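Quick note: the sequence shown uses our numbering, first residue -10, plus one each step. All C-beta atoms, glycine included, are put in the ideal place defined by N, C-alpha and C. Source: prediction; values computed, not measured. Have a look at the structure below, then the notes.
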Amino acid sequence: EHDYLNIGDDVSDFAKKYGKFDRIYSFFCLNWVKDQARAMKNVSALLTPGGECLLVFPAWSPTRMLWRKVAELERWRKFSKVFESFVSRSQDLEDDDARISYVRDILRGADLEPSTCELLYVQPNYNKPEAHIDMQLSLNPAWSMATVEEREALKNDVTTEVMKWTNEGAYCARPSLYVIHARKFKI
């Protein structure tokens, strides 16, 4: 049996039902929440004093860059708010130092003390772009809302963008993941 929790929403009912946790592990979940400061406070609210969390999620992602490029096209503007709702502030920060500072501030604001807070750099291999195209379509929040005809057009637009990624210097930043191990302050 399992239960659903949106870490971006109020978690108090979830905490009442299941109690607090000594450990929380989250892999590639916090990137689906625009307000990461609130999500981090919710992670903290679900931890016991002294409890720890291990969090891995994108700091800067070509996927979010792709969504924004697609949203600029006239036929996808109707989905622009959907795309933007999944783009966190770290995507727009100027460099890696700013990304680390941003997440450290969020952790501090959530009463979490990191023992590890770093960026893991991802070097995608685009020798088989079809795999990346398929992945981008599976992650695309507009895919499920698009009509059959729109899906074909979306696939074409995504393919065009992904094929650009095979060129050197295709990104304005290095794809990276946050790797965070933090402990909730004891009260």
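What is the DSSP secondary structure of residue 133, counted as helix, strand or coil?
It is helical.
Beta strand (DSSP E) containing residue 40: first to last residue?
Start and end: 36 to 49.
Between the segment 144 to 152 and the segment 111 to 123, are three or more C-beta pairs nearer than 8 Å?
Short answer: they touch.
Pick helix, strand or coil for residue 105, following the three-state DSSP scheme.
In the structure shown, residue 105 sits in a strand (DSSP, three-state: E or B).
Between 127, 106, 156, which lies nearest to residue 46 when the distance is taken from Cα to Cα?
Closest by alpha carbon: 106.
What is the residue span of the alpha helix (DSSP H) that residue 3 lies within?
1 to 7 is the span of the alpha helix (DSSP H), which, as asked, contains residue 3.
Output needed for residue 24: all residues of its chain with C-beta closer than 7 Å, excluding positions within five of it in sequence on either side, in chain order.
Hits under 7 Å: -3.
Give every residue of the same chain whose Cβ lies closer than 6 Å to the Cβ of residue 28, excluding the five residues on either side of it in the sequence, and list them in chain order.
The answer, listed in chain order, is -4, -3, 19, 22.
Quick check: what's the CA-CA separation for residue 38 versus residue 32?
Roughly 12 Å separates the two Cα atoms.
Taking DSSP's pairing of strands, which residues face residue 166 in a bridge?
DSSP lists 47, 109 as partners of residue 166.
Using the C-alpha atoms, what's the distance from residue 165 back to residue 92?
Straight-line Cα distance between these residues: approximately 13 Å.
Should residue 53 go down as buried or exposed, given a rule of 16 or more other Cβ atoms within 10 Å for buried?
Buried is the call here.
CA-CA distance, residue 85 and residue 171?
Whole-angstrom Cα-Cα distance: 19 Å.
Of the choices 144, 167, 169, whose alpha-carbon is the least far from that of residue 55?
The candidate whose alpha carbon is nearest that of residue 55 is 144.
To which residues of the same chain is residue 3 closer than 8 Å at the C-beta, ignoring the five residues directly before and after it?
Cβ within range, chain order: -8, -6, 35.
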